[in-house]
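Colleague: Protein chains in written order, with this note's numbering: chain Y, 1 to 408; chain F, 1001 to 1214.
From the three backbone atoms N, C-alpha and C, an ideal C-beta is built for every residue, glycine too.
This structure is a prediction, so every number in the text was calculated from the model and none was measured.
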Amino acid sequence: MKLIWKLLRRHLSIGQLVGFFFANLLGMLIVLLSLQFYEDIVPAFTGEDSVMKNTYIIVSKHIAATNALGGEAQTFTAADISDFESQGFTRRVGTFTASQYQVYGSLSMGGMGMGTEMFFESVPDDFVDTKWPASRDGEVPIILPRSYLAIYNFGFAQTKNLPKLSEGVVSMVQMDLRLRGEGGREVTCKGRVVGFSNRLNTVLVPQAFMQKTNAELAPNAMTEPTRLIVEVKNPTDDAIATYIQDHGYELENDTLEAGRATYFLKVVAGIVMAVGLLISALSFYILMLSIYLLVQKNAEKLQNLLLIGYSPARVSRPYQLLTIGLNALVLLLAFALLFWLRGIYLERLWQMFPTLSEGSVTTTVLIGFALFVIVSFFNIIAIRRKINRLTPRFKRLKGGLYRTINGK
Amino acid sequence: MNTITLHHTLPRVFRGRTDIQSDIWQQEVTFERGHLYLIEAASGTGKSSLCSYLIGYRGDYEGTMCFDGHDIRELCTYDWTVLRQRSLSIMFQELRVFPELTAWENVQVKNQLTQYKSDAEIATYFETLDIADKRDTRLGHLSYGQQQRVALIRALCQPFDFLLADEPVSHLDAENTRVMGELMMAEAQRQGAGVIITSIGHHMDLPYEKVFKL
Chain Y
1 MKLIWKLLRR
11 HLSIGQLVGF
21 FFANLLGMLI
31 VLLSLQFYED
41 IVPAFTGEDS
51 VMKNTYIIVS
61 KHIAATNALG
71 GEAQTFTAAD
81 ISDFESQGFT
91 RRVGTFTASQ
101 YQVYGSLSMG
111 GMGMGTEMFF
121 ESVPDDFVDT
131 KWPASRDGEV
141 PIILPRSYLA
151 IYNFGFAQTK
161 NLPKLSEGVV
171 SMVQMDLRLR
181 GEGGREVTCK
191 GRVVGFSNRL
201 NTVLVPQAFM
211 QKTNAELAPN
221 AMTEPTRLIV
231 EVKNPTDDAI
241 ATYIQDHGYE
251 LENDTLEAGR
261 ATYFLKVVAG
271 IVMAVGLLIS
281 ALSFYILMLS
291 IYLLVQKNAE
301 KLQNLLLIGY
311 SPARVSRPYQ
321 LLTIGLNALV
331 LLLAFALLFW
341 LRGIYLERLW
351 QMFPTLSEGS
361 VTTTVLIGFA
371 LFVIVSFFNI
381 IAIRRKINRL
391 TPRFKRLKGG
401 LYRTINGK
Chain F
1001 MNTITLHHTL
1011 PRVFRGRTDI
1021 QSDIWQQEVT
1031 FERGHLYLIE
1041 AASGTGKSSL
1051 CSYLIGYRGD
1061 YEGTMCFDGH
1071 DIRELCTYDW
1081 TVLRQRSLSI
1091 MFQELRVFPE
1101 LTAWENVQVK
1111 NQLTQYKSDA
1121 EIATYFETLD
1131 IADKRDTRLG
1141 HLSYGQQQRV
1151 ALIRALCQPF
1161 DFLLADEPVS
1171 HLDAENTRVM
1181 GELMMAEAQR
1191 QGAGVIITSI
1201 GHHMDLPYEK
1211 VFKL
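1. Would you call the stretch 276-295 of chain Y in contact with the stretch 25-35 of chain Y, where contact means no fewer than 3 C-beta pairs closer than 8 Å?
2. DSSP three-state label for I286 (chain Y), please.
3. Counting only Cβ pairs nearer than 7 Å, list the residues of chain F close to Y310 (chain Y).
4. Helix or strand or just coil, what does DSSP make of I63 (chain Y)?
5. Report the residue from F:R1084, F:R1033, F:F1092 whose alpha carbon sits nearest the alpha carbon of L1050 (chain F).
6. Within the 9 Å Cβ cut-off, does L401 (chain Y) reach chain F?
7. For I244 (chain Y), report the span of its alpha helix (DSSP H) as first-last.
8. With DSSP as the reference, identify every bridge partner of F378 (chain Y), one or two as the case may be.
9. Hey, how far is the Cα of I4 (chain Y) from the Cα of H1202 (chain F)?
10. So V267 (chain Y) packs on T90 (chain Y), CB below 8 Å; how close in whole Å?
11. Would you give the residue range spanned by the alpha helix (DSSP H) that A336 (chain Y) belongs to?
12. Taking Cβ positions only, does Q1148 (chain F) come closer than 9 Å to chain Y?
13. Does T391 (chain Y) get closer than 9 Å to chain F when you measure Cβ to Cβ?
14. Say whether chain Y places a C-beta atom closer than 9 Å to the C-beta of E1100 (chain F).
15. Chain F partners of L3 (chain Y), CB-CB under 8 Å?
16. What does the alpha-carbon distance come out to for the pair F37 (chain Y) and I367 (chain Y)?
17. Is the number of C-beta pairs between the stretch 1111-1131 of chain F and the stretch 1146-1157 of chain F that are closer than 8 Å three or more?
18. Any C-beta of chain F within less than 9 Å: which residues of the stretch 291-305 of chain Y qualify?
19. Check each candidate in F:F1162, F:E1167, F:V1211, F:S1199 and name the one with the smallest Cα separation from E1032 (chain F).
20. For W1025 (chain F) and chain Y, any beta-carbon pair shorter than 9 Å?
21. Say whether chain Y places a C-beta atom closer than 9 Å to the C-beta of R1135 (chain F).
22. Let me know if T202 (chain Y) comes out buried or exposed under the rule of 16 or more other beta-carbons within 10 Å of its beta-carbon.
23. Within a Cβ cutoff of 6 Å, which residues of the same chain sit near G181 (chain Y), ignoring the five residues on either side of it in sequence?
24. Do you know whose CA, among Y:G168, Y:L289, Y:M222, lies nearest L17 (chain Y)'s CA?
25. Name, please, each residue of chain Y whose Cβ falls closer than 8 Å to the Cβ of Q1085 (chain F).
26. Here's the rule I'm using: 16 or more other beta-carbon atoms within 10 Å means buried, otherwise exposed. How should G15 (chain Y) be labelled?
27. Expressed to the nearest angstrom, what Euclidean distance is found between the alpha-carbon atoms of K164 (chain Y) and G184 (chain Y)?
28. So is T404 (chain Y) in contact with chain F if we call contact Cβ pairs under 9 Å?
29. Going by alpha carbons, who is nearest to M114 (chain Y) out of Y:F156, Y:I240, Y:S86?
30. Roughly how many angstroms lie between the CA atoms of R396 (chain Y) and M1065 (chain F), to the nearest whole one?
31. How should A1193 (chain F) be labelled, buried or exposed, when 16 other C-beta atoms within 10 angstroms of its C-beta is the threshold for buried?
32. Using three-state DSSP, classify I189 (chain Y) as helix, strand or coil.
33. Can you name the residues of chain Y whose CB is closer than 7 Å to the CB of I1122 (chain F)?
34. From M1 (chain Y) to L322 (chain Y), what distance separates their C-alpha atoms?
35. Closer than 9 Å by beta-carbon distance: list the chain Y residues that pair up with Y1037 (chain F), in chain order.
36. Taking only the alpha-carbon atoms, compute the straight-line gap between W1025 (chain F) and L1206 (chain F) and give it to the nearest angstrom.
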């Protein structure tokens, strides 16, 4: 093998191989980086949420100074709801039920106590994506918006020198709840935060608990809902935005914007990836041309080796190993650069989206390896075919005549 | 492989010519294992073509050539590879050696493939042919006669049923020609192989069993 390599490395153009190396590295890096960046940034828009699917939108009526003063209804009537339900883009509509009593929640940690007035809301249980997590006896499970914790941690705690709280710590603490309704009726119970949501901008409790406490504490209050939760078929559908605007409604979360942003992000990432693939394909051609040229320049030597008994497979091997080696080096270097660049942009992303969870690198790594395998496979086949052409082959023609294919 | 037979073969460039007077072309010819043949040829009679056909390098001839009765045109690349490693050794007129490798490496290129001779045996060949001091010299720096001797050693580093030597001694003096002939015949006899030598005049003085005029 050493001798064969000594023979066949002649006419090897380092310049061409370096050209291939960097072109392939660039292509590979662009493909992997665009893929990984997409993976990492998409959760910031879609907010893959354990509590609420991204096909849910929350709708309220527009609050303007005039109707706030004039007492125009900001609640949804049964007619509003059924109209919403009849729209083509709607899958189903649920209503928010608000607590009709006052809530005072307090918690104590290590001798330090905090308390606040608060409120509860609930939506039909089947709109909560995950089942209400089982809570310990008598504790009311509560889902908080993740932004509340962020406000506390980055706004409140920082200025007041209070400890920052992680989601885990908050979930460990039991809360004392005092509910006070009509005519001084009062209920006390325990509560516990069981989850956080990026998308639901309210303090959510189970529907059953809400119905029970409302019936108990405010049996006479009957109000129409102020907010609707709607499951739509496709959050990027333009018809939704039009409908909402026409009826003077407001979207409370940015699902639609996020849907569009995600779509554009997908398109941009796709274009960038296509450019990367194109560069990869071109670099593949550089390598193939370089190897073809090499085979051509060394044709006589290769032919001599074949004539003294070397098999085409054996004389192909040095070139095949060379390309596999180069491809592997490109892959490893592309991974190294990818993780380095990813470290840099993740830091920036986290400054913008503190709650952003890190995307997975598995897909990118797998795609990288898949590209490596595919490109190497085609390299191996192409080299072998090229070398095979150096060996004369005969073909029987009509009438018993023979013609040499290739060869002389 | 025990026989090489030529059934009415003719290089395609000679097609249509009526003046061919040859013991080989357009004849029924059989070469048998264990025998020694000389093919004498004038320049331009197709000697090198014959060798190219037999080693599977070219196929531009009419008629058929058979190894043990099998048409060699039916052989695939793999068959040829095996044949060239185990049954058919050829010393090319144009040598087909590698000038950028040393004399020793040129032989090793073949021997590493076949694992047929020990380093000691090869070294003895170098001594016998009086090129031991050229072992580590790049082949391109050797004279044609010296290169011919290296090519012979390479041709002997494999098992063979037939040894085909195309003008093996064209550039050698009488003494080296004699030594080369002895080496070749010793190895061929050891292996029980057939030997086919071509020549355009100056040839080894060996007990040829049959002489063909091409």
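Modeller: To lay it out plainly:
1. yes
2. helix
3. L1113
4. coil
5. F:F1092
6. With a pLDDT of only 44 at L401 (chain Y), under the threshold of 50, the placement of this residue in the model should not be trusted, and no figure is reported.
7. 238-246
8. As DSSP reads the structure, F378 (chain Y) sits in no beta bridge.
9. 35 Å
10. So it is not a contact: roughly 27 Å between Cβ atoms.
11. 312-352
12. Answer no: the Cβ-Cβ gap between Q1148 (chain F) and chain Y never drops below 9 Å.
13. For T391 (chain Y), a Cβ of chain F is located within less than 9 Å of the residue's own Cβ.
14. yes
15. L1101, E1105, Q1108, V1109, Q1112
16. 14 Å
17. yes
18. E300, K301, Q303, N304, L305
19. F:F1162
20. No Cβ of chain Y is located within less than 9 Å of the beta carbon of W1025 (chain F).
21. no
22. buried
23. Y101, L217, A218
24. Y:L289
25. G309
26. exposed
27. 36 Å
28. Any answer about T404 (chain Y) is weak, because its pLDDT of 47 lies below 50 and its placement is not dependable; what the coordinates show is given next. For T404 (chain Y), the answer is yes, since a Cβ of chain F falls inside 9 Å of its Cβ.
29. Y:F156
30. Residue confidence for R396 (chain Y) is low, a pLDDT of 48 falling below 50, so the modelled location carries little weight; the figure read from the coordinates is stated next. Roughly 14 Å separates the two Cα atoms.
31. The Cβ neighbour count for A1193 (chain F), taken over all protein chains shown within 10 Å, is at least 16; the residue is labelled buried.
32. Residue identity check: residue 189 (chain Y) is Cys in the sequence provided, not Ile. Strand at C189 (chain Y).
33. Here the premise fails: no neighbours, minimum Cβ distance about 14 Å.
34. 13 Å
35. Result: empty, since nearest Cβ-Cβ is about 21 Å, beyond 9 Å.
36. Taking the straight line from one Cα to the other gives about 24 Å.
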